[in-house]
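This report refers to the structure that appears directly beneath it.
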Amino acid sequence: MSKVTTVLVAGIGGGSLGVEIGKALRLAGRYVSIGCDISPLAFGHYCGVFDRTELVPLDGYLDALVDLCERFRIDVVIPGGDQPMTIIAAAGERFERLGARIAANGSDVVAMLSDKQRCFEELERRGFAIPRTIALVDETDAERAPLPCVVKPSTGSGGSAFVFFARTREEVALYAAYLRNNGKRAIAQEYVSTTGGEFTVGVISRRDGTVRASIALKRAFPAKLSIAASGQDFLISTGITQGHIGDYPEVARVATEIAAAVGSVGPMNVQGRIDGDGRFLPFEINPRFSASTYLRALAGFNEVEYFIEHLRGDESVPLEIRSGWYLRGVTETVVADGAILK
Numbered sequence: 039m040s041k042v043t044t045v046l047v048a049g050i051g052g053g054s055l056g057v058e059i060g061k062a063l064r065l066a067g068r069y070v071s072i073g074c075d076i077s078p079l080a081f082g083h084y085c086g087v088f089d090r091t092e093l094v095p096l097d098g099y100l101d102a103l104v105d106l107c108e109r110f111r112i113d114v115v116i117p118g119g120d121q122p123m124t125i126i127a128a129a130g131e132r133f134e135r136l137g138a139r140i141a142a143n144g145s146d147v148v149a150m151l152s153d154k155q156r157c158f159e160e161l162e163r164r165g166f167a168i169p170r171t172i173a174l175v176d177e178t179d180a181e182r183a184p185l186p187c188v189v190k191p192s193t194g195s196g197g198s199a200f201v202f203f204a205r206t207r208e209e210v211a212l213y214a215a216y217l218r219n220n221g222k223r224a225i226a227q228e229y230v231s232t233t234g235g236e237f238t239v240g241v242i243s244r245r246d247g248t249v250r251a252s253i254a255l256k257r258a259f260p261a262k263l264s265i266a267a268s269g270q271d272f273l274i275s276t277g278i279t280q281g282h283i284g285d286y287p288e289v290a291r292v293a294t295e296i297a298a299a300v301g302s303v304g305p306m307n308v309q310g311r312i313d314g315d316g317r318f319l320p321f322e323i324n325p326r327f328s329a330s331t332y333l334r335a336l337a338g339f340n341e342v343e344y345f346i347e348h349l350r351g352d353e354s355v356p357l358e359i360r361s362g363w364y365l366r367g368v369t370e371t372v373v374a375d376g377a378i379l380k
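The sequence shown begins at 39 in this note's numbering and counts up one residue at a time.
Below is the structure:
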């Protein structure tokens, strides 16, 4: 009898990518799943998604993950957030020596796409249509910013953290200074209206760089859950995606061409909007699974299951698409006094 595959998900906070990955693993029904997080209050510890969870320290985080791999004979490690992704991708060989495969993109792809300034410079160099994007290095750069625009960090803006809408150069300068004062490099990116639609696209590529499949979701904004900020002339979305999964061939085509061009060898998520000329313009690219992963799995596109089995040499997992509206809400749980992990 073959050993059941044991999967470690690193990062399982509430509303996080890690919990959504855990749901996709549970839906597949063939894995032992272990979640870990630095916080004893992480929702994933108590939501019943994982077979077991562990508390790990912030100091010595990587060593703690390696220890978990040794203790539980982990077969596959999946980053559950941007910070774990960067740490794990850079230490891939260390996990491989233990027999644990990394279900993530290549470290060079992660390094390139995790820096938005570098990412969009690369896309523009390769001929892709993008919103005009400039680095805001000092006060004078605000004079070159496209208006209106979105001001955000070049790294670490997942879930629309520290993302601002600016109509004037004074606002650009103000927000950029705020980000710099908080130790963040800022960029300004041309604002594209939601009139033509906002999409999130999952693209899964094989280890040889060939694209296996993609799935597009047209976002809907029926509740504040999906809206970070809005006004009469703008909307900034959150990382909590919901909407319609269906056939959007032109959007999917652009996303798959981006994945192939940057050398993606794993999961990738492309977010973008349709501009006034009908072009799909990406504004955010993450070289990892997306928090929409479980919605996609419900649609028949379990990219987590597919990629784990691909790493094991099995290409038989189907990636189908059942069109329809895929909606999300908030789930609560109660943890009794004395039951918090220590």
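Virtual Cβ for every residue (Gly too), placed ideally from N, Cα, C. Predicted model, so just to flag it, every value in this text is computed and none were measured.
Taking all protein chains in view, the Cβ of residue 378 is surrounded by fewer than 16 other Cβ atoms within 10 Å, so the residue is classified as exposed. Boundaries of the alpha helix (DSSP H) harbouring residue 346: 341-349, taken from the DSSP string.
In this structure, the beta-carbon distance from residue 364 to residue 355 does not fall below 9 angstroms. When the five nearest sequence neighbours on each side are left out, the beta carbons in the same chain lying within less than 7 angstroms of the beta carbon of residue 312 are those of 234, 235 and 318, in order along the chain. Per the Cβ contact rule, the segment 239-259 is not in contact with the segment 184-191 (fewer than 3 Cβ pairs under 8 angstroms).
In the DSSP assignment, residue 58 falls within the alpha helix (DSSP H) that extends over 55-66.
The Cβ neighbour count for residue 371, taken over all protein chains shown within 10 Å, is under 16; the residue is labelled exposed. Scanning 267, 316, 169 and 340 for the CA closest to the CA of residue 287 turns up 316. A residue is called buried when at least 16 other Cβ atoms come within 10 angstroms of its Cβ; residue 175 does not meet this threshold and is exposed. Judged by DSSP in its simplified three-state form, residue 130 adopts helix.
DSSP places residue 92 in the strand class (E or B) of the three-state scheme. By the neighbour-count definition (other C-beta atoms within 10 Å, threshold 16), residue 326 is a buried residue. Residue 255 has 238 and 283 as its beta-bridge partners, per DSSP. The criterion of a C-beta distance shorter than 9 angstroms is not satisfied by residue 127 and residue 340.
Within the DSSP bridge table, the entry for residue 307 names 240 and 324 as partners.
If you check the CB distance, residue 116 and residue 48 come in under 9 angstroms. Short of 6 angstroms from the beta carbon of residue 186, and not among the five residues preceding or following it, lie these beta carbons of its own chain, in chain order: 205 and 229. Rounded to the nearest whole angstrom, the C-alpha separation of residue 77 and residue 179 is 39 angstroms.
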